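For reference, the structure is listed below as structure tokens.
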Amino acid sequence: MTSLLLRGGRVVDPTQGASTEARDIAVQGGRIVAPAPGQRFDEAIDATGCVLMAGGIDLHSHIGGGKVNLARMLMAEDHRNAGNPWALPTNALELASCGSCSPGTLATGYRYVEMGYTSVFEPAMLPSNARHAHMEMGDVPVLDHGAYVLLGNDELFLQLLAEGGPEGRNYELLRDYTAWTINANKAMGVKVVNPGGISAFKFNQRSLDVNEEHVHWGVTPRQVLHTLARALKELGVAHPLHIHGSNLGVAGNIESTLETIAALEGLPAHLTHVQFHAYGNEGPKKFSSAAARLAEAVNANPQISIDVGQIMFGQTVTASGDTMRQFAQAGLANPRKWVGSDIELTAGCGVVPFRYREQSYVNALQWAIGLEIFLLVNNPWQVVLTTDHPNGGPFTSYPHLIRLLMDRSFREEQIARLHPEVAANCNLLAIQRELTLDEIAVMTRAAPARLLGLSDRGHLAPGAAADIAVYREQADREAMFRAPEYVFKDGALVARSGRVSATPAGGVHFTTPGYDPLVEKTLRRRWPEQGAAIAFDHVAIGADELCRCCNGGRLLPAACLRGEA
3 MTSLLLRGGR
13 VVDPTQGAST
23 EARDIAVQGG
33 RIVAPAPGQR
43 FDEAIDATGC
53 VLMAGGIDLH
63 SHIGGGKVNL
73 ARMLMAEDHR
83 NAGNPWALPT
93 NALELASCGS
103 CSPGTLATGY
113 RYVEMGYTSV
123 FEPAMLPSNA
133 RHAHMEMGDV
143 PVLDHGAYVL
153 LGNDELFLQL
163 LAEGGPEGRN
173 YELLRDYTAW
183 TINANKAMGV
193 KVVNPGGISA
203 FKFNQRSLDV
213 NEEHVHWGVT
223 PRQVLHTLAR
233 ALKELGVAHP
243 LHIHGSNLGV
253 AGNIESTLET
263 IAALEGLPAH
273 LTHVQFHAYG
283 NEGPKKFSSA
293 AARLAEAVNA
303 NPQISIDVGQ
313 IMFGQTVTAS
323 GDTMRQFAQA
333 GLANPRKWVG
343 SDIELTAGCG
353 VVPFRYREQS
363 YVNALQWAIG
373 LEIFLLVNNP
383 WQVVLTTDHP
393 NGGPFTSYPH
403 LIRLLMDRSF
413 REEQIARLHP
423 EVAANCNLLA
433 IQRELTLDEI
443 AVMTRAAPAR
453 LLGLSDRGHL
463 APGAAADIAV
473 YREQADREAM
483 FRAPEYVFKD
493 GALVARSGRV
503 SATPAGGVHF
513 TTPGYDPLVE
523 KTLRRRWPEQ
533 GAAIAFDHVA
543 IGADELCRCC
553 NGGRLLPAAC
563 LRGEA
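Residue numbers for the sequence shown follow the numbering used here, beginning at 3 and rising by one.
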């Protein structure tokens, strides 16, 4: 492995203080090292006039698993160009792969790397198809990856929670079940989608609020949330509970979102795609922005982090485990087709194509709400930049989103194009803040790494993995972030001027919290109640199998923190 010196670039690494002066970055053995006087390098690159950042980390992007493949199959037109096949790639290193709303695995890797991203995390891995998800993520070239496993709607969890009663007599068992599930599926953490709501939908319950009882099990989303958040904290899992809250997309759902934060009782948690959970019901259309209320709650609770799920105008496809809400939105499908499924007794899936339009009052207000959240939360370490790909828009729109956040005049030009009633009543016009490069580096690199417990990612200090993006400084931030001059993965050049130059296999991140092995005896006895297609003895994915799933990529186990009772 060659040594490398990046000379004279402006290093933007908020973990090491504000970036002001140019300096050198040295790489040896795939790691960043402190350059020594007189040290010789195999290659030296003049980075004068460039901005150096750690490789981008997308904490929440749907890139693998059953729902993603359903989206690809449903949106066949997304893989055609005006009815004709896409032209084959001109780059000999790229194999044929296409799509924009939900691109193929190969195209996903190529497009991310071309923007300077080196790690991506799938936020909704089902235990019943975890192998499929890992194999699909392993087929994505270059990118390191990981996934959060879904819990909180599986029948066994809800039954154990219900049997425990208000005293929570089954808590230790539920905590060990959570740890076993993470270990068995080689996950980085746990995500809960519409807590209890996916299960309740199967019992013909069409909505379930935070303090409302499940019609069959008699438990509430509040109990589900608190149990899982407490378990992950005690297990020492670095990434806090990843929460897709109740009542996604419903006018007035800000109350549910604030109740969700209250239900956690001070426990750490990550609220995902919060733009879809920050709606009021004021105004003549009974649909309004509650971004200020959400931001106030986040600012007051430093243990809470969020990603925004910014919507971007144009065609996309929404793919979610939240069958309850996808069923409710199916009538808005564009094109007019959709898929819904019940997945054994563990979760669900809904895929609904959608086109966000500038002249739609609701869509334009959603766009404004997302930007307001970014700009009103004071601490950038609590915010991660996402579009909830593909639900709010494709990940390829990140450079445009970054420009909207950094350039107020550009933002105002876009507001002028919106539905006039939104522009007239939009709080966004009054917000003068423009994010800095340091804040963008936090939201796209340093904060995701910290939230995932990846101590050697998201920064450029000695000892860090040499995942580096080198951007040519430009006033047009969209152009700047669209195609970096150089992208390095573990010290190897993988993209040059927006063109892929190497396609190594990415590694897989996972964590292994401890648990009482006696829980397996209980799970084995009760496993038939899950109605699972996979026998209990075949559920767990071993290290060798995981390596095969990931095309021989490196296994990257993440350490657990010290658990707290």
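Cβ coordinates follow ideal geometry from the N, Cα and C atoms, glycine included. Bear in mind the structure is a predicted one, so any value in this text is a computation, not a measurement.
Pair within 8 Å by beta-carbon distance, residue 62 and residue 469: Within the sequence shown, residue 62 is the residue found at index 60, counting from 1. Within the sequence shown, residue 469 is the residue found at index 467, counting from 1. No, they are not a contact pair.
Backbone secondary structure at residue 567 - three-state DSSP: If you number the sequence shown from 1, residue 567 lands on position 565. Its pLDDT being 38, under 50, residue 567 is placed unreliably in this model, and the coordinates cannot settle the point.
Reduced DSSP category for residue 277 - H, G, I as helix; E, B as strand; rest coil: Counting from 1 along the sequence shown, the entry for residue 277 is found at position 275. Of the three classes helix, strand and coil, the one that applies to residue 277 here is helix, per DSSP.
Proximity of residue 227 and residue 202 at Cβ, strictly below 8 Å: For the purposes of this step, residue 227 is taken as residue 225 along the sequence shown, with counting starting at 1. For the purposes of this step, residue 202 is taken as residue 200 along the sequence shown, with counting starting at 1. No, Cβ-Cβ distance for residue 227 and residue 202 is not below 8 Å.
Proximity below 8 Å, CB of residue 159 to CB of residue 176: For this step, residue 159 is matched to residue 157 along the sequence shown. For this step, residue 176 is matched to residue 174 along the sequence shown. For residue 159 and residue 176, yes; Cβs fall inside 8 Å.
Sufficient close CB pairs (3 or more, under 8 Å) joining the stretch 386-404 to the stretch 259-277: Contact holds: three or more Cβ-Cβ distances are below 8 Å.
Residue 551 in three-state terms, based on DSSP: Translated into positions along the sequence shown, residue 551 becomes position 549. Helix, per DSSP.
Whether residue 484 touches residue 401 by CB criterion (8 Å): Mapped onto the sequence shown, residue 484 falls at position 482. Mapped onto the sequence shown, residue 401 falls at position 399. Yes. Within cutoff.
Whole alpha helix (DSSP H) elements within the stretch 264-322, 4-residue minimum: Runs of the alpha helix (DSSP H) spanning 4 or more residues and lying entirely within the stretch 264-322 occur at 293-302, in chain order.
Contact set for residue 463: own chain, Cβ-Cβ below 8 Å, skip 5 residues either direction: Taking the sequence shown and counting its residues from 1, one reaches residue 463 at position 461. If we look at residue 463 and ignore the five residues flanking it on each side, its Cβ neighbours are 15, 17, 18, 34.
Sheet register partners of residue 473 (DSSP bridge): In the sequence shown, counting from the first residue as 1, residue 473 sits at position 471. Its beta-bridge partners are 53.
Identity of the residue in 25, 279, 131 nearest residue 183 by Cα: By 1-based counting over the sequence shown, the position of residue 183 is 181. When only C-alpha atoms are compared, the closest one is 131.
Proximity below 8 Å, CB of residue 447 to CB of residue 65: If you number the sequence shown from 1, residue 447 lands on position 445. If you number the sequence shown from 1, residue 65 lands on position 63. Taking C-beta atoms as the reference points, residue 447 and residue 65 fail to come closer than 8 Å.
Cross-strand partners of residue 127 (DSSP beta bridge): In the sequence shown, counting from the first residue as 1, residue 127 sits at position 125. BP columns for residue 127 point to 151.
Run of the alpha helix (DSSP H) containing residue 173, from where it starts to where it stops: Position 171 of the sequence shown holds residue 173. That run of the alpha helix (DSSP H) goes 173-187.
Beta strand (DSSP E) runs contained entirely in the stretch 11-55, provided each spans 3 or more residues: Entirely contained in the stretch 11-55, the beta strand (DSSP E) runs reaching 3 residues are, in chain order, 24-30, 33-35, 45-48.
Nearest to residue 346 (by Cα), restricted to the options 155, 90, 547: Here the question's residue 346 lines up with position 344 in the sequence shown. Of the listed residues, the one whose Cα sits closest to residue 346 is 155.
Inter-residue Cα distance where the pair is residue 499 and residue 471: Numbered from its first residue, the sequence shown carries residue 499 at position 497. Numbered from its first residue, the sequence shown carries residue 471 at position 469. When rounded, the distance between both Cα atoms is 11 Å.
Whether residue 230 touches residue 153 by CB criterion (8 Å): For the purposes of this step, residue 230 is taken as the residue at position 228 of the sequence shown. For the purposes of this step, residue 153 is taken as the residue at position 151 of the sequence shown. Yes, the Cβ-Cβ distance between residue 230 and residue 153 is below 8 Å.
Residue 506 - DSSP class collapsed to helix/strand/coil: As a working note, residue 506 is residue 504 in the sequence shown. Residue 506 falls in the coil class under three-state DSSP.
Option in 307, 289, 75, 234 with minimal Cα separation from residue 380: As a first step, residue 380 must be located in the sequence shown, where it is residue number 378. Sorting 307, 289, 75, 234 by C-alpha distance to the C-alpha of residue 380 places 307 at the top.
Residue(s) in a DSSP beta bridge with residue 87: Stepping through the sequence shown from its first residue, residue 87 is reached at position 85. In DSSP, residue 87 forms a bridge with 82.
Residue burial classification, residue 317 (beta-carbon count within 10 angstroms, cutoff 16): What you label residue 317 is simply residue 315 of the sequence shown in a count that begins at 1. That one is buried.
Touch test, the stretch 356-370 against the stretch 282-291, Cβ-Cβ under 8 Å, three pairs minimum: Contact between the stretch 356-370 and the stretch 282-291 is present: 3 or more CB-CB pairs across the two stretches fall below 8 Å.
Whole-angstrom C-beta distance between residue 454 and residue 510, which should lie under 8 Å: As a position in the sequence shown, residue 510 is number 508, starting the count at 1. As a position in the sequence shown, residue 454 is number 452, starting the count at 1. The Cβ separation is near 13 Å, so there is no contact.
Residue from 88, 52, 406, 9 whose Cα sits closest to the Cα of residue 42: Within the sequence shown, numbered from 1, the residue matching residue 42 stands at position 40. Checked all of 88, 52, 406, 9; the closest Cα to residue 42 is 9.
Simplified DSSP state of residue 410, which is helix, strand or coil: Sequence index remark: in the sequence shown, residue 410 carries index 408 (1-based). In the three-state reduction of the DSSP assignment, residue 410 falls in the helix class.
Validate contact between the stretch 185-195 and the stretch 329-337 using beta carbons, cut 8 Å, 3 pairs: Touching, no.
Residue 13 to residue 436 span [Cα, whole Å]: Reading the sequence shown from its first residue, position 11 is the one you call residue 13. Reading the sequence shown from its first residue, position 434 is the one you call residue 436. In this structure, the CA atom of residue 13 is about 20 Å from the CA atom of residue 436.
Alpha-carbon to alpha-carbon, residue 170 and residue 531: Against the sequence shown, residue 531 aligns to sequence position 529. Against the sequence shown, residue 170 aligns to sequence position 168. Approximately 21 Å between the Cα atoms of the pair.
Residues bridged to residue 63 [DSSP beta-bridge criterion]: Counted from its first residue, the sequence shown places residue 63 at position 61. Paired residues: none, contrary to the question.
Under the three-state DSSP convention, the category residue 94 falls into: Mapped onto the sequence shown, residue 94 falls at position 92. Coil at residue 94, not helix or strand.
Span of the beta strand (DSSP E) around residue 357: Walking along the sequence shown from the start, residue 357 turns up at place 355. Annotation: the continuous beta strand (DSSP E) that includes residue 357 extends over 349-358.
Option nearest residue 540 by Cα separation, candidates 374, 505, 282, 187: Locating residue 540 in the sequence shown gives position 538, counting from the first residue. The shortest C-alpha to C-alpha distance from residue 540 to any of 374, 505, 282, 187 is the one to 187.
N- and C-terminal bounds of the beta strand (DSSP E) containing residue 136: Counting from one through the sequence shown, the residue named residue 136 turns up at place 134. Where residue 136 is concerned, there is no enclosing beta strand (DSSP E), although the alpha helix (DSSP H) it sits in stretches over 132-140.
Own chain partners of residue 263 with C-beta closer than 7 Å, once the 5 adjacent residues on each side are dropped: One-based indexing of the sequence shown puts residue 263 at position 261. So the list reads 299, 303, 306, once near-sequence residues are dropped.
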